[in-house]
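This note's numbering numbers the first residue of the sequence shown as 42 and each following residue consecutively. The beta-carbon is built from N, C-alpha and C at its ideal position, and this holds for glycine as well. Here the structure is a predicted model, which means the values were calculated and not measured. A short write-up of the structure that comes next.
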Amino acid sequence: MHVAQIGSGASSGRRPLFSWGQAPARALGAIPPPMLVLLGVVSLQVGAAFAKQLFTMAGASGVVALRLTFAALILLAVWRPSLRMDRRTLAVVAGYGAVLAGMNVCIYQAFERIPLGAAVTIEFLGPLVVAVVGSRRKLDLVWAALAGLGVFLLARVEGGLDPVGVGFALAAGAMWAGYILVGAKLGSRTTGGSGLALGMAFGALVAAPFGIAEAGTALLHPAVLVAGLVVALMSSVIPYSLELEALRRMPPRVFGVLMSLEPAVAALAGLLVLGELLGAWQWVAIACVVIASVGAVGMTKDTRPTNDPGAN
C-alpha cells in the first residue's frame with residue numbers, strides 16, 4: 042500500500058506535531074525524486090521480507106497487527122488529527138481502514154505460502170486493473186492480456202504455486218484496488234496526513250483481533266515488539282515519507298512508472314533476504330506484469346498538478 046495514492050483535501054486539519062528539520066529536509070531535497078521513489082520501494086519490500094521472517098514468532102496476522110499499530114501510533118503523534126468529522130467522513134475513514142487492514146492481512150497470508158516476488162506480482166493486478174478500467178484506450182487491452190499471461194505463468198509453470206497463497210494474493214490485489222478508490226475519497230475529505238493517521242488507527246483496530254487470535258501473548262514479547270516497530274518503519278513510515286517528498290517534485294505519471302518496478306524489487310528482496318529462488322519462467326512472468334504496468338501507467342496523461350502529493 043502506498044500513501045501517495047491518497048489525495049490532499051480541502052478540509053481543515055491540524056498541523057503535524059513535528060516535521061522534517063532543516064538538515065533532513067535539505068538531505069532529502071538533494072536526492073533526485075526518482076531515487077526517493079526507488080528507495081521507498083526497496084524499504085517497503087525489504088521490510089516485507091523482514092516481516093516474513095517473523096511469522097514463526099508472531100504469525101502473519103500478528104505481524105500485520107504490530108505493523109499497523111506502530112505505524113498508527115507514529116502517524117497519530119506526527120499529525121495529531123482532529124476527531125471532529127461528519128458522518129460521511131467518518132464512514133470514509135472507517136472504510137479506508139478496513140480495506141487497509143484486509144489488504145495487509147491477505148498479502149501477509151500470501152507471503153506465508155508463496156514467494157514474496159510472486160505474491161507482490163499477483164497483488165499488483167489490483168492497481169493495474171484500476172488503471173486499465175479507467176482508460177478508454179484499446180492498447181490497454183494488450184497490457185491487460187500481458188499481465189494476465191504473467192500471472193498464468195506464475196501460477197502454472199515449474200510446479201506452480203500454492204493455490205491458497207495465490208488466492209490470498211488475488212484478494213490482496215482486489216483490496217488494493219479498493220484502497221485506491223477509497224483513498225481518493227479520503228483525500229478529498231481530509232487534509233495532509235490526518236486522514237491517513239486516522240485510517241491507519243482504524244485499520245490497526247480491525248487487524249488486532251486477527252493478530253491476537255493467531256499470536257496471543259507472543260505479541261508482547263520484547264523482541265517481537267522491537268521487530269514489529271522495525272517492520273512498521275520500513276514498510277510504512279519510511280516509504281510513505283519518501284513517496285510524498287518525491288511526488289512534490291515529479292509528475293504522477295513518472296511516479297507510477299517507477300512504482301511499476303515493485304514486483305521485480307520484491308522478487309529480488311525475496312532472493313537476497315529470504316533465499317527464495319524463482320525459476321526462469323517465473324522471472325519472465327514478473328517481467329510481463331512489470332512491462333504491462335509500465336505500459337498502462339506510463340502512457341497515461343497526468344491530470345493533476347505535479348506538486349499534489351496525492352496524485353497517482
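Scan the stretch 56 to 137 and note each continuous alpha helix (DSSP H) run of 4 residues or more that stays entirely inside, going in chain order.
63 to 71, 74 to 94, 96 to 120
Is the distance from the Cβ of Gly311 to the Cβ of Glu303 below 8 Å?
no
Cutoff 6 Å; reference Gly336; Cβ partners in own chain excluding five residues on either side
Trp184
Pair every Cβ in the stretch 258 to 268 with every Cβ in the stretch 291 to 310, then say whether three or more of these pairs are closer than 8 Å.
no
For Met216 versus Val272, is the C-beta spacing smaller than 8 Å?
no
Spatially closest choice to Ala264 from Leu95, Leu246, Val314, Pro73, by CA coordinates
Leu95
Can you say whether Arg294 is buried or exposed, counting buried as having 16 or more other CB atoms within 10 angstroms of its CB?
buried
Go ahead and label Thr130 buried or exposed: buried means 16 or more other beta carbons lie within 10 angstroms of its beta carbon, across all protein chains shown.
buried
Check whether the Cβ atoms of Phe243 and Gly158 lie closer than 8 Å to each other.
no
Please return the same chain residues whose Cβ sits closer than 6 Å to the Cβ of Gly191, not counting the five positions on each side in sequence.
Ala326, Cys329, Val330
Indicate whether Ile148 and Ala196 have their beta-carbon atoms separated by less than 8 Å.
no
Take Leu107 and list the residues in its own chain whose beta-carbon comes closer than 6 Å to its own, dropping the five residues that flank it on each side.
Gly269
Coarse secondary structure for Leu291, derived from DSSP in three states:
Checking the sequence, you will find Met at residue 291 rather than Leu. Coil.
What number of angstroms, rounded off, separates the C-alpha of Phe193 from the C-alpha of Leu211?
12 Å
So, under 8 Å CB-CB, Val171 and Ala225 are touching, yes? Tell me the CB distance rounded to an integer number of Å.
Between Ala225 and Val171 the Cβ distance is about 10 Å, and since that is not below 8 Å, they are no contact.
For a minimum of 4 consecutive residues, which ranges assigned as the alpha helix (DSSP H) are wholly contained in the stretch 285 to 340?
293 to 300, 303 to 315, 321 to 339
Close beta carbons around Val82, own chain, < 8 Å, minus the five adjacent residues each side
Pro280, Leu299, Met300, Leu302, Glu303, Val306
Once DSSP output is grouped into helix, strand and coil, what is the label at Ser277?
helix
Can Ala102 and Gly257 be called in contact, C-beta distance under 8 Å?
As written in the sequence, residue 102 is Ser, which differs from the Ala given in the question. No, the pair does not count as a contact, with Cβ atoms beyond the cut-off.
Quick one: residues in its chain with C-beta nearer than 6 Å to the C-beta of Thr110, no 5 flanking neighbours on either side, listed in chain order?
Ala245
Please state if the CB of Gly206 and the CB of Ala135 are separated by a distance shorter than 8 Å.
no
Mapping DSSP to helix, strand and coil, what is Thr162?
helix
Measure the beta-carbon distance from Ser84 to Ser235 and round it to whole angstroms, keeping in mind my assumption that it falls under 8 Å.
Not really, about 23 Å apart at Cβ, beyond 8 Å.
Check whether Ala248 and Val105 have beta carbons under 8 Å apart:
yes
Is it buried or exposed, Gly88, if we count other Cβ atoms within 10 angstroms and call 16 or more buried?
buried
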